[in-house]
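In what follows, a structure is listed as structure tokens, so that the remarks can point back to it.
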Amino acid sequence: MTKRTLGGTSRKRKRVSGFRVRMRSHTGRRVIRTRRKRGRSRLAV
Numbered sequence: 001m002t003k004r005t006l007g008g009t010s011r012k013r014k015r016v017s018g019f020r021v022r023m024r025s026h027t028g029r030r031v032i033r034t035r036r037k038r039g040r041s042r043l044a045v
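Quick note on numbering: the sequence shown equals residues 1 to 45 in UniProt numbering.
Put into structure tokens, the structure is as follows:
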């Protein structure tokens with residue numbers, strides 16, 4: 001039986017691309033701002 005190659009954990013996703021992580025840096029805030037402007041329902045993961 002082969003192993004699934006695409007797993008991903010929710011903790012890792014939050015730490016890498018969560019809202020609070022985005023707000024830490026200038027470029028991250030730009031990402032949030034752009035997504036707000038586009039009207040995304042989910043700004044971050």
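Note that the Cβ used here is the ideal one computed from N, Cα and C, for glycine as well.
Check residue i in the structure and name its three-state DSSP category.
i: S17; result: helix
In angstroms, rounded to a whole number, what distance separates the CA positions of residue i and residue j?
i: S25; j: M1; result: 43 Å
i: M23; j: R38; result: 18 Å
i: R30; j: S41; result: 16 Å
i: S10; j: A44; result: 13 Å
i: V16; j: G28; result: 11 Å
i: G18; j: T5; result: 23 Å
i: I32; j: G8; result: 23 Å
i: G34; j: K14; result: Reading off the sequence shown, one finds Thr at residue 34, where the question assumed Gly. For T34 and K14, the distance between alpha carbons rounds to 19 Å.
i: K12; j: R36; result: 24 Å
Inset, instruction - Pick out the complete alpha helix (DSSP H) segments inside the UniProt region "Disordered" (1-45), 4 residues or longer, and give them in chain order. - result: 10-17, 19-22 and 26-38
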